[in-house]
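Encoded as structure tokens, the structure appears first; notes follow it.
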Amino acid sequence: MQSTMVEALNQALELELQRDKRVVLLGQDIGPNGGVFRVTEHLQKKFGESRVFDTPLSESAIIGSSVGMAVYGLRPVAEIQFAGFLFLSMSQLVTQAARMRFRSACAFGCPLVIRSPFGGGVRTPELHSDSVEGVFLQTPGIKVVLPSNPYDAKGLLAAAVDDPDPVLFLEHIKLYRSFRQDVPEERYTIPLGKANVVREGTDVSLIAYGAMVHTAQEAAKKLHEQRGASVEVIDLRTIWPLDEAAIVASVEKTGRAVIVHEAPRAGGLGAEITAIINERCLYSLLKPVERVTGYDVPFPVPGHEDHYVPTVRRISDALERVLAE
Amino acid sequence: MQSTMVEALNQALELELQRDKRVVLLGQDIGPNGGVFRVTEHLQKKFGESRVFDTPLSESAIIGSSVGMAVYGLRPVAEIQFAGFLFLSMSQLVTQAARMRFRSACAFGCPLVIRSPFGGGVRTPELHSDSVEGVFLQTPGIKVVLPSNPYDAKGLLAAAVDDPDPVLFLEHIKLYRSFRQDVPEERYTIPLGKANVVREGTDVSLIAYGAMVHTAQEAAKKLHEQRGASVEVIDLRTIWPLDEAAIVASVEKTGRAVIVHEAPRAGGLGAEITAIINERCLYSLLKPVERVTGYDVPFPVPGHEDHYVPTVRRISDALERVLAE
Amino acid sequence: MITATQDAPFQVLDPEGQVVGPVPALSDDRLLALFRWMWQARTLSNKIIALQRQGRATTFGSLVGQEAAAVGLAAPLQPQDWLATSYRELASHLVKGVPLPTMLFSFRGSSRDHYPAETHCLPIQIVIGTQMLHAVGLAMAAKIAGDPVVVVGACGDGATSEGDFNEALNWAGVYKAPVVLVVQNNGWAISVPRHKQSAAQTLAARGAGFGVPSRLVDGNDILAMYSAMSDAVDRARAGEGPTLIEALTYRIGAHTTADDPTRYRDPAEVEAWKAKDPIARFKHYLVGRGLTDDARESAMITQLEDEINAAVEEAEAMPLPSPEKIFDWAYANPFPRIEEQRATLKHYLTE
Amino acid sequence: MITATQDAPFQVLDPEGQVVGPVPALSDDRLLALFRWMWQARTLSNKIIALQRQGRATTFGSLVGQEAAAVGLAAPLQPQDWLATSYRELASHLVKGVPLPTMLFSFRGSSRDHYPAETHCLPIQIVIGTQMLHAVGLAMAAKIAGDPVVVVGACGDGATSEGDFNEALNWAGVYKAPVVLVVQNNGWAISVPRHKQSAAQTLAARGAGFGVPSRLVDGNDILAMYSAMSDAVDRARAGEGPTLIEALTYRIGAHTTADDPTRYRDPAEVEAWKAKDPIARFKHYLVGRGLTDDARESAMITQLEDEINAAVEEAEAMPLPSPEKIFDWAYANPFPRIEEQRATLKHYLTE
Ligand SMILES: Cc1ncc(C[n+]2csc(CCOP(=O)(O)OP(=O)(O)O)c2C)c(N)n1
Ligand SMILES: Cc1ncc(C[n+]2csc(CCOP(=O)(O)OP(=O)(O)O)c2C)c(N)n1
Ligand SMILES: [Mg+2]
Ligand SMILES: [Mg+2]
């Protein structure tokens, strides 16, 4: 069945609600409105108000109450309407959800999924586009997933709901409806922590996640056409845990790497991956690893975002630099 | 005058309150109690309740109201009692204080200093020891300062109060009273964004900040005595802006680098600095850069923290590895 | 048990425009100014929606139906006073002096370059509830400085569920801050109805639990809004502390241009509220006083439309700030990393 | 204007132990159990402070003076009920069944290994106010699951200033959650007195603004606490929704072993409250009923001391969990990065 990412996510949630009555959905406008992006469309009608419910406008309470529900034995899937508002629930996320297992020495787990849209390129108001995933590298105890297509989104969301620990599931707004893909009707899972080589190559490793995977692939295609370069494109799928083995294997093969993300440069995934490459395969490295990222300023207003989000041209130039003799 | 860091900070705050009547101090227990670490001792008595005042137990309001006061024209110096509780004010910090200038296209500035104690080695309860500075690499608009000694603490705090933008000023609890140092009585400033070479060397660059500067210096001394190694120790002082020039100059000289911090490894300063070295002086690099950091789990209970915080032994071993032929 | 005793909403004009309460002492000119602002708000709101449909404006939330509340909460303020609001209080910003072209310019999706700081309006707040703490902080600062300045913080009913809103209320009380916290209860937070936002009978009742006097006001009655706000602003200026005001009103339109209210809202409810239209109500009163009539009203509307169309042209003629400005806006003092990134951005501007 | 009407604190025994209110129907054994728990709480609290002074325990906050509130808020609970508290409610955890040695073990600064999940007590919360949302979430889950389970969330007066506390109160009301939210108002938040925490006359008054019935109770009166809590717990179990309870009590000791109250607090205030000692008050009542006397009381205290000393020995004999456990506690399913770090930590264990 050909589905958009919104439809694939909706199917995934429906299947989880069907197979496991511990699963509950909560968030702002997810009920009759079906979510501002329609990801939860029809689910309240199908499963009732006690399984799928709207909440007051309180991000901290959405996460804080979910922690309580998760400890009780439910499997809450909470929606934060836009990732920029995760900051309002930061303490519940980072000091509570992410540490319940740790604090209780495993007496209590916190199986909780937090879904939230983010990402540039769609002219949203302030704080609707910001990429916040990098923050969570420094907050242990929470996994972070960022699907790049409908198929992955469905399988990764099922795996996130299965996971015994909290999972932050970040959905790139630009991918919601931008394309359809063949998505199996039945439930399937894609393991968290495993990257996906979406284009094989031998000359350079191009590492990305979320919407940037597509920009990266365009750049790879362009370079192949223009100069026959063989670019390997890796879709991380999950940034924590990070699939270091896949990164190292690729860079050991290619000797060159470019990392792409929309999030600011400082301390982002690009930094961590460069450090891993440095530690684990420095001697295979033929050129400095390049980072193509957002700038170290807040995500700008719609009128300026095209100059902030990495472009095919910026990625191609980075590829050219690492490929130059 | 020989002062502890607590005394040096207290002097700095007193001098700021004296010279600029726009400066106000707010926080929990900073008034009659003088702060839980006595950093604000006597200041309310000296400057009155309208300049130095206790607040209700609301971290978000401490930052949120400070944003309003800063826009109005005051220079608030807010205390968050322990850095682990910054997460409760994360939205006001990251989406408000750090973006007021950006949002208003410079019509309004937000000159605000947030002081907060943190750091391991002193057997505090949960969330009192966590190093959270790395999170703020991914949240543009806010500067981050971490002094390693009384002299720097006084000069950097004065510079932070002068700064037209928000500054997060993180004070390592272990340094508060662990040693005294000659500190001038008068006001002086140390520029933000400039690192300090605290030990000159030619064989390897050892980069740290906060309390880890002292652990790093011990390791440097040990290696010098044991094998005559010449270790250059860099105290970053400010992690944002980061003094890249100082790092690059040192690594170009030594060809080797070890970075130390208590914060978790993933996406921390060690990652960013390794990426900078990779980008700017890969060809001078003789060995992979080493990161000696906290682990990617929450800061543990007092009984386990000695195994979490980097030790002289762990740093020495890293130095040995990068120095090995 | 502790219970909140509750008056009926304060009203000066009933929905038919009949006087049922104490009419504030306002000159004819002032009354007509209020009327004009209300029409300006509605006309501008509809204009921006039209522009958005043509791809000439970004996402926008209409304030139709809330003109009395939005105008009334700002009208009693003086130039030195401050205003901190959400995106729904456009009209309040106009009353406070934000020029039409500047406001329209921001809806081109560019930043508010040349933001009119002198109007003492904080930039429109997107993070719900957040601005209420800024309002309290501004008021605390005014009190510390000893300035005769009052601050108004405004938000919606949904915002009252945020921790920040409640912390703001608590701090306003603790510091006896010269602030008026206004909740525009328009019945809905996107698709979430007021009764699902809180089990409290009224949101005004929130005040008592924080030691902040509060008042329930008919938000579609401009005269009630005006006098309730003047009382609260005067109290604040006199050092008598904060007030919480719940303005009962209704969001006639969609939440924003991105929203479809038919998914969650009964059209009958909308119709019922249209009958309480704030402009029609006030017009009836003004006609009774001989201050306006259909002819004069439509002349005024035409004039407002011309004014707004001229402002749109002016706004669309304004040059968009150069993209590299994002670096100037981020930090007062640039540093090497920022300058390198500025160079990169500029490099890619030159195509 | 909206005003909160306010009863005097609910009392069963006056400070002299005279009956002034409806005595709850409790068996003699049950009454003595409450008395014993109160003494156990005080004895244990003093013991841990002694251990801390000898470097045998970590930072600790005494609950002396709050025994009635802490015991009373937990005593009406059934085994399937849940409890989410701060660090100040040690006694409540004992009442709920946390074994003495386990509790003492945690004050050795190790994690609560073998944490007794079956007692349905969440780990003691350090981040002020946070646990109130967990209590509401647990209660929402119980309601969704259709279980006859009640949850008690407890915090201090300072916690009521946190956004999370107020969001918890709001959600409890919105979802009619089977939860009782208890505020132990002990007059101080470290050095900040109650009147600087909020301008509200009482914290119980907070409830009305969120549609949550609330009650002001003499927190030094174990019988008042017991019956107020039983009523609230019964209401919740019967599906009638949440209750907010403000227990008026006093922190006789320092905030924690790291605090020096002479810096900010008038000793006279402490003396005045010592006169309202909850244990003495209840003892007077029990003596009147012939259930105890000085001899039986001191015998009980000696027995409690022996019990606690034995528990201390047991706790100190427990092996500390291996440091590498931090990796097992962080994630249910370890992954390569974590395993590498475990190896590093283990490498440095072997010295
Ligand atoms: C903190 C936060 N959460 C969610 C949103 C998304 N959002 C935008 S407007 C809105 C509803 C606001 O309702 P209300 O406060 O009643 O204001 P109104 O739109 O009715 O004027 C929501 C949920 C947001 N902007 N900020
Ligand atoms: C969010 C947060 N802020 C600050 C602190 C530091 N702190 C620990 S206890 C305390 C006072 C708590 O007062 P109250 O809520 O009245 O509880 P009590 O200690 O009186 O029982 C503070 C400020 C904290 N633990 N958590
Ligand atoms: Mg609304
Ligand atoms: Mg207290």
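Residue numbers (the working numbering), protein chains in the order written: chain A, -17 to 307; chain B, -17 to 307; chain C, 398 to 748; chain D, 398 to 748.
Beta carbons: idealized from backbone N, C-alpha and C, even for Gly.
Just so we're clear, the structure is a prediction, and the values are computed from it rather than from any experiment.
Taking CB distances under 9 Å as the criterion, tell me whether residue i reaches chain C.
{"i": "D:R603", "result": "yes"}
{"i": "D:E559", "result": "yes"}
{"i": "A:V291", "result": "no"}
{"i": "D:M398", "result": "Residue placement at D:M398 is flagged as unreliable, the pLDDT there being 36, under the threshold of 50; the coordinate-derived value follows with that caveat. Yes, contact with chain C."}
{"i": "B:G50", "result": "yes"}
I want to check one thing, is the minimum distance from the CB of residue i to the heavy atoms of ligand 4 below 8 Å?
{"i": "D:A586", "result": "yes"}
{"i": "D:D554", "result": "yes"}
{"i": "C:R686", "result": "no"}
{"i": "D:N583", "result": "yes"}
Listing by chain order, which chain C residues have their CB less than 9 Å from the CB of residue i?
{"i": "D:G550", "result": "Chain C residues near D:G550: none, gap ~16 Å exceeds 9 Å."}
Counting only beta-carbon separations shorter than 9 Å, does residue i have a partner in chain B?
{"i": "A:N(-8)", "result": "no"}
{"i": "A:L224", "result": "yes"}
{"i": "C:T527", "result": "yes"}
{"i": "C:T402", "result": "Interpretation of C:T402 is limited by its pLDDT of 47, a score under 50 that renders its predicted location unreliable; the figure taken from the coordinates is listed afterwards. Not one chain B Cβ lies under 9 Å of C:T402."}
Under 7 Å between beta-carbons, which chain A residues line up against residue i? List them in chain order, please.
{"i": "B:F69", "result": "M72, S73, V76 and T77"}
For residue i, verify whether its CB is less than 8 Å away from any heavy atom of ligand 3.
{"i": "A:G276", "result": "no"}
{"i": "B:Q326", "result": "There is no way to answer for residue 326 of chain B, as the model of chain B reaches only from -17 to 307."}
{"i": "C:R648", "result": "yes"}
{"i": "C:Q522", "result": "no"}
Ligand 1 heavy atoms versus the CB of residue i: any closer than 8 Å?
{"i": "B:G183", "result": "no"}
{"i": "C:D657", "result": "no"}
{"i": "C:R485", "result": "yes"}
Could you list which residues in chain B have their beta carbon closer than 7 Å to that of residue i, in chain order?
{"i": "A:E261", "result": "P270"}
{"i": "D:Y512", "result": "Residues of chain B passing the Cβ test: none, with the nearest at roughly 12 Å."}
{"i": "A:L119", "result": "A248 and G249"}
With respect to 8 Å, is the separation between the Cβ of residue i and the closest non-hydrogen atom of ligand 2 below this value?
{"i": "B:Q74", "result": "no"}
{"i": "D:H652", "result": "yes"}
{"i": "A:I45", "result": "no"}
Give me the chain D residues within the contact set of residue i, using Cβ-Cβ distance strictly less than 7 Å, ordered along the chain.
{"i": "A:F84", "result": "W726 and A727"}
{"i": "A:F29", "result": "None at all; the shortest Cβ gap to chain D is about 12 Å."}
Establish whether the CB of residue i and some CB of chain D are separated by less than 9 Å.
{"i": "C:D554", "result": "no"}
{"i": "B:V(-12)", "result": "no"}
Please report whether the beta-carbon of residue i lies at a distance below 9 Å from any beta-carbon of chain A.
{"i": "D:K593", "result": "no"}
{"i": "B:G249", "result": "yes"}
Chain C partners of residue i, CB-CB under 8 Å?
{"i": "B:A227", "result": "P733"}
Which residues in chain B have a C-beta closer than 8 Å to the C-beta of residue i? List them in chain order.
{"i": "C:V524", "result": "S73, T77 and Q78"}
Going along chain D, which residues have a C-beta under 9 Å from residue i?
{"i": "C:A597", "result": "N567, G570, A605, G606, F607, G608 and V609"}
Indicate whether the contact test is met: 3 or more Cβ pairs, each with one atom in the stretch 124 to 140 of chain A and one in the stretch 248 to 259 of chain B, closer than 8 Å. no
Where the stretch 130 to 162 of chain B meets chain G: residues whose CB sits under 7 Å from a CB there: Going by chain labels, chain G is absent from the structure shown, which instead holds the protein chains A, B, C and D.
Determine, using beta-carbon pairs with one atom in the stretch 552 to 559 of chain C and one in the stretch 576 to 584 of chain D, whether at least three such pairs fall under 8 Å. no
With a threshold of 8 Å, are at least 3 pairs of Cβ atoms found where one atom belongs to the stretch 62 to 74 of chain A and the other to the stretch 72 to 80 of chain B? yes
At a cut of 8 Å, does the stretch 75 to 93 of chain B reach the stretch 238 to 246 of chain A through at least three beta carbon pairs? no
With a threshold of 8 Å, are at least 3 pairs of Cβ atoms found where one atom belongs to the stretch 287 to 296 of chain A and the other to the stretch 227 to 239 of chain A? no
Below 8 Å, how does it come out for the stretch 495 to 508 of chain D and the stretch 7 to 17 of chain A: are there three or more Cβ pairs, yes or no? no
Is the stretch 54 to 61 of chain A touching the stretch 596 to 616 of chain C in the sense that three or more CB pairs, one from each, lie closer than 8 Å? no
Check whether the stretch 435 to 442 of chain D touches the stretch 454 to 463 of chain D, counting contact only when three or more Cβ pairs, one atom from each stretch, lie closer than 8 Å. yes
Please give the ranges of any alpha helix (DSSP H) in the stretch 553 to 619 of chain D, keeping only runs that are unbroken, at least 4 residues long and fully inside the region. 560 to 571 and 591 to 594
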